[in-house]
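Enquirer: Using this note's numbering, the letters of the sequence shown correspond one by one to residues 134 to 479. Ideal Cβ positions, reconstructed from N, Cα and C, are used throughout, including at glycine. Just so we're clear, the structure is a prediction, and the values are computed from it rather than from any experiment. Please read through the structure below; I'll follow up with questions.
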Amino acid sequence: MNTSAPAPIRVAHLADLHIGSELRGLAQYPGAPAIDRREAPYEALSAAVHRIVGGGYDAVLIAGDVFDRRHTDARALAACQDALGAFHEAGLHTVVVSGNHDAETPLPHKLNLPPSVRWLGADAPESVTWPDLGITVHGQSVAVPDERRDLAAGLPRAVPGAVNIGLLHTSLHGAWSRRICAPSDPRTLARAGYDYWALGHVHHRLVPGAGAFAAYPGNTHARGPGESGGRGFTELLIEGPATEPDRDRDPDPGPGRERRRIGILPVDTAPVRYETLHLPHPQTAEADLRERFASVPPPPAGGAVVWTLSAATPPGLLHEARSLAGPSAMICPAEGPPGGGPAVAC
134 MNTSAPAPIR VAHLADLHIG SELRGLAQYP GAPAIDRREA PYEALSAAVH RIVGGGYDAV
194 LIAGDVFDRR HTDARALAAC QDALGAFHEA GLHTVVVSGN HDAETPLPHK LNLPPSVRWL
254 GADAPESVTW PDLGITVHGQ SVAVPDERRD LAAGLPRAVP GAVNIGLLHT SLHGAWSRRI
314 CAPSDPRTLA RAGYDYWALG HVHHRLVPGA GAFAAYPGNT HARGPGESGG RGFTELLIEG
374 PATEPDRDRD PDPGPGRERR RIGILPVDTA PVRYETLHLP HPQTAEADLR ERFASVPPPP
434 AGGAVVWTLS AATPPGLLHE ARSLAGPSAM ICPAEGPPGG GPAVAC
C-alpha cells in the first residue's frame, strides 16, 4: 500500500505587474551597467513567466494592476496576451482580477483569454473551482479607479471541503497605501473563513495579519528607489490536510473543513533590483560599503543592482561607492529625478 503523502499543490501569486511602466531613479556615468528603463520591466515579466511555466506550478493567481494606466500601448497588450497564453499552454489554471490601474485602461477588454484563464468581473463576486486541485477561488475586480466598495465583505462564505482562496486588489485599512482602493478590514477577511487571501495593491511583500492568512506579493519589478529589495512573486504551497483544524484561523471549521497546511515563500525573478546605501559615518565608509554590497545576492546574468545613497549619506561618498562597486552595480545620488521617491501602492 502506498502511504506516501500526495505531492503539494503549488500556486504562483502575482500582483502589480504594471506592464509597460518604466524604471525611475537611474544614473548614467562611465562604468555603470546599461539598464534600459523601458525594456527592464518587460524582461522582469518574462523572467517571472519563465520561472512559473518551468517551475512545476499548478495554478496562477494575479491580484490586479496587470496594466499601467500611463502605458496602454499595443506592446503592453501583447505582453499580457503572451504571458496568459504561456500559462495556458503549460496547463496552469489562472484567475485574474482587475486593480485600479486596470480600471483606467481599455486593455483588459481587448484580451483574447485562453480557455484556462478567468478574468473576474466587477459587478458581483465570482467563484471559480478547480476540481482537480480541490481549490475554490473567490474574487471580484475593481470597477473604477477610486473604488470605495468593501469587496471583501461581499464575497461568499468558504466552500466546505475545499481550499478556499480570496483574490482581491485592496488597500485594506490604508496603512500601507498612498491611494485607497476597495478598502476593508483584515478582520473582515478573517470572518470569511478562507484558507488564504491573495492580495494586490501594496508594492512590498507583506503579511497583514489580524486573524486572516493573507499576503501581498509585492510587484514583479520595482519601479524606483522607493521599492527596494527582491521582486517577483509569492509561492503558495498547499499540503496536507492538517491533523487538527486551526482554531485560531477558523474558530468554527464546520464539517468537511479540515485545514490544509499552507505556506508561502518569496520568489525573486526581477533582473533589476533597487537597494539603499546608508553610510552616515565617513570614517568607516569603505568597510560599510563592502559589507553592504556583500549583503545583497548578485543579480542574474544581464541584471543589475541599483544602489541609491540615503539622504544621510555624505554626497562625497558617491565616487568611493562607485569605485568599490562591481560591474553589475549602479550607484545613484540621493537626489533622484522627480517621482523617484518612496511608493508603496498606487
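Can you give me the C-alpha to C-alpha distance between T238 and G232, rounded to a whole angstrom?
Expert: Approximately 11 Å, taken between the alpha carbons.
Enquirer: For D256 and D279, what's the separation of their Cα atoms in angstroms?
Expert: For D256 and D279, the distance between alpha carbons rounds to 15 Å.
Enquirer: What are the boundary residues of the beta strand (DSSP E) that P350 is part of?
Expert: That run of the beta strand (DSSP E) goes 347-350.
Enquirer: With burial defined as no fewer than 16 other Cβ atoms inside 10 Å of the residue's Cβ, what is the status of G108: buried or exposed?
Expert: This structure cannot settle anything about residue 108, because the visible part of the chain is limited to 134 through 479.
Enquirer: Measure the CB-CB distance between Y175 and A212 and report whether it falls below 8 Å.
Expert: Yes. Within cutoff.
Enquirer: Measure the CB-CB distance between V270 and L300 and report whether it falls below 8 Å.
Expert: Yes, Cβ-Cβ distance for V270 and L300 is below 8 Å.
Enquirer: Tell me the DSSP secondary structure of D318 in three-state form.
Expert: D318 falls in the coil class under three-state DSSP.
Enquirer: How do the stretch 177-194 and the stretch 217-225 stand: do at least 3 beta-carbon pairs fall below 8 Å, yes or no?
Expert: Contact between the stretch 177-194 and the stretch 217-225 is present, because at least three Cβ pairs lie under 8 Å.
Enquirer: Report the option in P431, H411, G363, A437 whose CA atom is closest to the CA atom of P447.
Expert: With distances taken between Cα atoms, P447 lies closest to H411.
Enquirer: From the DSSP secondary-structure annotation, give me the bridge partner or partners of G365.
Expert: Per DSSP, D401.
Enquirer: So which of H183, A323, L288, A462 has the shortest CA-CA distance to G342?
Expert: It is A323 whose Cα lies nearest to the Cα of G342.
Enquirer: In whole angstroms, give me the CA-to-CA distance for G351 and H414.
Expert: Computed Cα separation, rounded: 32 Å.
Enquirer: Which residues bound the alpha helix (DSSP H) around L450?
Expert: Counting along the chain, the alpha helix (DSSP H) containing L450 begins and ends at 450-457.
Enquirer: Taking all protein chains shown into account, decide if T417 is buried (16 or more other Cβ within 10 angstroms of its Cβ) or exposed.
Expert: T417 comes out exposed.
Enquirer: What did DSSP end up calling E259 once you bin it into helix, strand or coil?
Expert: Note: E259 maps to strand in three-state DSSP.
Enquirer: With distances taken from CA atoms, which of G326, H146, F426 is nearest P293?
Expert: Taking only the C-alpha atoms, the option nearest P293 is G326.
Enquirer: Tell me the rounded alpha-carbon separation between G254 and S361.
Expert: Going by the C-alpha atoms only, they are around 32 Å apart.
Enquirer: Which one or two residues does DSSP pair with N297 in a beta bridge?
Expert: T269.
Enquirer: Between the alpha carbons of W330 and P460, how many angstroms are there, rounded?
Expert: W330 and P460: Cα-Cα distance of roughly 40 Å.
Enquirer: On a Cα-Cα basis, can you pick out the residue from L217, L422, V275 that is closest to V230?
Expert: Out of L217, L422, V275, V275 has the C-alpha closest to the C-alpha of V230.
Enquirer: Return the residue from the list P432, R281, A286, A420 that minimises the CA-CA distance to R406.
Expert: Answer by Cα proximity: P432.
Enquirer: Taking the alpha-carbon positions, what's the G286 to V261 distance?
Expert: Gly is not the amino acid found at residue 286; the sequence shown has Ala there. Distance between the alpha carbons of A286 and V261: 18 Å.
Enquirer: Nearest CA to the CA of I298: which residue from P316, L288, D328, Q214?
Expert: Nearest of P316, L288, D328, Q214 to I298, Cα basis: D328.
Enquirer: Tell me where the alpha helix (DSSP H) around H183 begins and ends.
Expert: Here the alpha helix (DSSP H) through H183 covers 172-187.
Enquirer: Output the boundary residues of the beta strand (DSSP E) element that contains A462.
Expert: Element bounds for A462: 462-465.
Enquirer: Here's the rule I'm using: 16 or more other beta-carbon atoms within 10 Å means buried, otherwise exposed. How should A181 be labelled?
Expert: That one is buried.
Enquirer: Using 8 Å as the threshold, is the stretch 421-439 in touch with the stretch 137-151, meaning 3 or more CB pairs across them?
Expert: Touching, no.
Enquirer: Please classify L450 as buried or exposed, where buried requires at least 16 other C-beta atoms within 10 Å of its C-beta.
Expert: Under this definition L450 is a buried residue.
Enquirer: Who are the Cβ neighbours of D206 in its own chain at under 6 Å, not counting the five residues just before and after it?
Expert: Result list for D206: empty, nothing under 6 Å.
Enquirer: Along the chain, where does the alpha helix (DSSP H) that runs through L210 open and close?
Expert: Looking at the DSSP string, the run of the alpha helix (DSSP H) that includes L210 is 207-222.
Enquirer: Using 8 Å as the threshold, is the C-beta distance between A315 and R282 below it?
Expert: It is a contact, given that the beta carbons lie within the stated cut-off.
Enquirer: Hey, would you say W309 sits closer than 8 Å to L339, going by beta carbons?
Expert: In this structure, L339 lies closer than 8 Å to W309 by Cβ.
Enquirer: By a C-beta neighbour count over all protein chains shown, 10 Å radius and 16 as the cutoff for buried, is I317 buried or exposed?
Expert: Checking the displayed sequence, the identity of residue 317 turns out to be Ser instead of Ile. Buried is the call here.
Enquirer: In whole angstroms, what separates the C-alpha of I371 from that of A427?
Expert: Rounded to whole angstroms, I371 to A427 spans 34 Å at the Cα level.
Enquirer: In terms of residue numbering, what span does the beta strand (DSSP E) encompassing A196 cover?
Expert: Unbroken beta strand (DSSP E) run through A196: 192-196.
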